[in-house]
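A.B. asks: For the sequence shown, position 95 matches number 95 in full-length UniProt numbering, and the numbering has no gaps at all.
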Amino acid sequence: MSDARTQFAACEALLNDGAVEACAVAAETLTKQYPKHARAWCLRAALAPQADIALKHAERAKALKPDLDCVRTALARALVRRAVEAGKAHSEARISLLERALAEQDDPKTWYRLGRARREAKDLAGAADAFEKCGDDARAKFWAACCRGDPSEDAPIEHLEALYDGYAGRYDAHLSDALRSQAPALVAESVRGAKARKALDCGCGTGLSGRALFDAEACLQLEGVDLSEAMCEKARATGLYEDVAKGELCPGPVSRRARMPSRRRLASHPRRAGAFLSGAAGANYDLLASSDVVPYVRRLEELFMVAAAAAAPKASFAFSVEKPLGDGDVEIGATGRFRHSVAYCEACAAKSGWTLSARRDAVLRKNCGADVHGHVLVFQRS
Ligand SMILES: C[S@@+](CC[C@H](N)C(=O)[O-])C[C@H]1O[C@@H](n2cnc3c(N)ncnc32)[C@H](O)[C@@H]1O
């Protein structure tokens, strides 16, 4: 390894150990000795005490290696930092930076980032405009529809999977501290004492809903399914579940279904990834429970249908839904979550032989400090 490389690796090691000041000194020494070391200038930019100094270092790196990703990132961060120090809100600074970048070069990824930044700043029309400029990108189409309040797009499954894979590590703490989610306890309460001999936690996440089901004596034995492998791993580690399968609850829309294994293959391999409930026909669950998962599913007919095929006669299906703000059956919010009316749930359920046996209206959780109202519904299979 060259001396410059060794010194840079030492800087990174110092940073990884949290020795920030020692790292800053080592990076300065490195740039004095090797003034053409672009990555070292980036490091100095990241550690600079003031935005102007960070920008100077980032520009130096740009002059040396303009195409390096770390150089672009260092420059963008320094510009945002300068704007924030000049009194602009962080999101505003990000937005103007992204708009400037787009004026120089049209790029779908930058339009996507701008959409996200505008959405965070609550400029929903502007966010939708930006997402619509991303080209043929399912995630961007979904977010554009969310920002326009148009519930006609399904949430892309890859997007949900990536979201929850990235969220699994901090999910439990976030759910109790920031979101103050009541959904696991409310769903479990709705079937308290059921002592189901074979139950399925649909969208089990890290296992909080499974714990609540056992606490309420809703089941004696429990399986779980979730589309995020990282969430599944957390659920498995609780030891609460007989089995936790990675899979999607029900088949998605036609475009997604085309990429899935056939129904027959799923039926012979019910534990493989894919539409789990379709493969679980005849499994005879006497309880299906789902807390805070149905808001990710747009249309519910198919969910009830596959749930009915997997359920034992007289089985219960208990779940939470978010309440629409208007009179519509299905709404979508800028959060990317669907809101379903009780009447719509009942109509979809009736098509596959489910009838509503209990309903509770409640605050399910918080979103940015505001109450999220919803319902806990229990359906009975005839
Ligand atoms: C908000 S979390 C709820 C987790 C758990 N039920 C709880 O109450 O803590 C939503 C979970 O549903 C999963 N999920 C969302 N859509 C799904 C689908 N179509 N099929 C299976 N899992 C899904 C996500 O991966 C995530 O783990």
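Ideal placement from N, C-alpha and C gives every residue a C-beta, glycine not left out.
Computed from a predicted model, the values in this text were never measured in an experiment.
1) Determine, using beta carbons only, whether Arg82 and Asp52 come nearer to each other than 8 Å.
2) Am I right that Lys198 and Asp327 are in contact with their C-beta atoms under 8 Å? What's the rounded C-beta distance?
3) Provide the residue span of the beta strand (DSSP E) that contains Cys134, from first to last.
4) Alpha carbon to alpha carbon, what distance is there between Gly207 and Gly247?
5) In the structure shown, what three-state DSSP assignment does Leu55 receive?
6) Determine, using beta carbons only, whether Gly239 and Asp226 come nearer to each other than 8 Å.
7) At what residues does the beta strand (DSSP E) containing Leu356 begin and finish?
8) Taking 7 Å as the cut-off, is the C-beta of Asp136 nearer than that to any heavy atom in ligand 1?
9) Need the endpoints of the beta strand (DSSP E) that Lys122 sits in, please.
10) Using three-state DSSP, classify Gly224 as helix, strand or coil.
11) Just curious, the beta strand (DSSP E) that His37 is in, first and last residue?
12) Counting only runs that start and end within the segment 177 to 252, where is the alpha helix (DSSP H) found for 4 or more residues in a row?
13) Just tell me which of Ala194, Ala183, Thr31 and Ala78 has its CA closest to the CA of His373.
14) Buried or exposed: which applies to Thr355, given that a residue is buried once 16 or more other Cβ atoms fall within 10 Å of its Cβ?
15) Spatial neighbours of Ala138 within its chain, please: CB distance less than 7 Å, with the 5 preceding and 5 following residues excluded, ordered by chain position.
16) Could you work out which residue in Leu163, Trp111, Lys122 and Glu161 is closest to Ala140 when comparing CA atoms only?
17) Starting from Ala103 and walking both ways along the alpha helix (DSSP H), at which residues does that stretch end?
18) Does the pairing of the segment 311 to 330 with the segment 185 to 199 give three or more beta-carbon distances under 8 Å?
19) Quick check: what's the CA-CA separation for Val244 versus Gly210?
20) Please tell me whether, using a cut-off of 7 Å, the distance from the CB of Met231 to the nearest non-hydrogen atom of ligand 1 is below it.
21) Indicate whether the contact test is met: 3 or more Cβ pairs, each with one atom in the segment 145 to 163 and one in the segment 209 to 223, closer than 8 Å.
22) Any heavy atom of ligand 1 closer than 7 Å to the Cβ of Leu175?
23) Within the present structure, is the beta-carbon of Cys368 separated from the nearest heavy atom of ligand 2 by less than 7 Å?
24) Please report the straight-line C-alpha distance between Ala76 and Ala101, rounded to a whole angstrom.
25) Identify which residue in Cys134, Leu303 and Gln105 has its Cα closest to the Cα of Gly115.
26) So, helix, strand or coil for Gly374, using DSSP?
27) Is there contact here, the segment 117 to 124 with the segment 290 to 303, by at least three beta-carbon pairs under 8 Å?
28) Going straight from the alpha carbon of Val378 to that of Ala349, what length do you get?
29) Determine, using beta carbons only, whether Arg44 and Glu28 come nearer to each other than 8 Å.
30) Could you check if Ser209 belongs to the surroundings of ligand 1, using beta carbon to heavy atom distance under 7 Å?
31) Within its chain, find whatever has a CB closer than 6 Å to the CB of Phe304; leave out the 5 residues flanking it on each side and keep chain order.
32) So is Ser382 buried or exposed if we call it buried at 16+ other beta carbons inside 10 Å?
33) Out of Leu15, Glu132, Gln7 and Cys147, which one is the CA nearest neighbour of Leu30?
34) From what residue to what residue does the alpha helix (DSSP H) around Arg5 run?
35) To which residues does DSSP link Phe276 through a beta bridge?
36) Please find out if some non-hydrogen atom of ligand 1 comes closer than 7 Å to the beta-carbon of Pro251.
C.D. replies: Let's see:
1) yes
2) Actually they do not touch by this definition, with Cβ atoms about 39 Å apart.
3) Careful: Cys134 lies outside any beta strand (DSSP E) and carries neither H nor E.
4) 15 Å
5) helix
6) no
7) Trp354 to Asn367
8) no
9) Note, Lys122: premise wrong, no beta strand (DSSP E); not H, not E.
10) strand
11) First-last for His37: undefined, no H or E at that position.
12) 183 to 190, 208 to 215 and 229 to 238
13) Ala183
14) exposed
15) Pro156
16) Trp111
17) His90 to Glu104
18) yes
19) 11 Å
20) yes
21) no
22) yes
23) Summarising the ligand content, the structure contains ligand 1 and does not contain ligand 2.
24) 10 Å
25) Cys134
26) strand
27) no
28) 11 Å
29) yes
30) yes
31) Cys348, Ala349, Ser352 and Trp354
32) exposed
33) Gln7
34) Asp3 to Asn16
35) Partner(s): none; Phe276 has no beta bridge.
36) no
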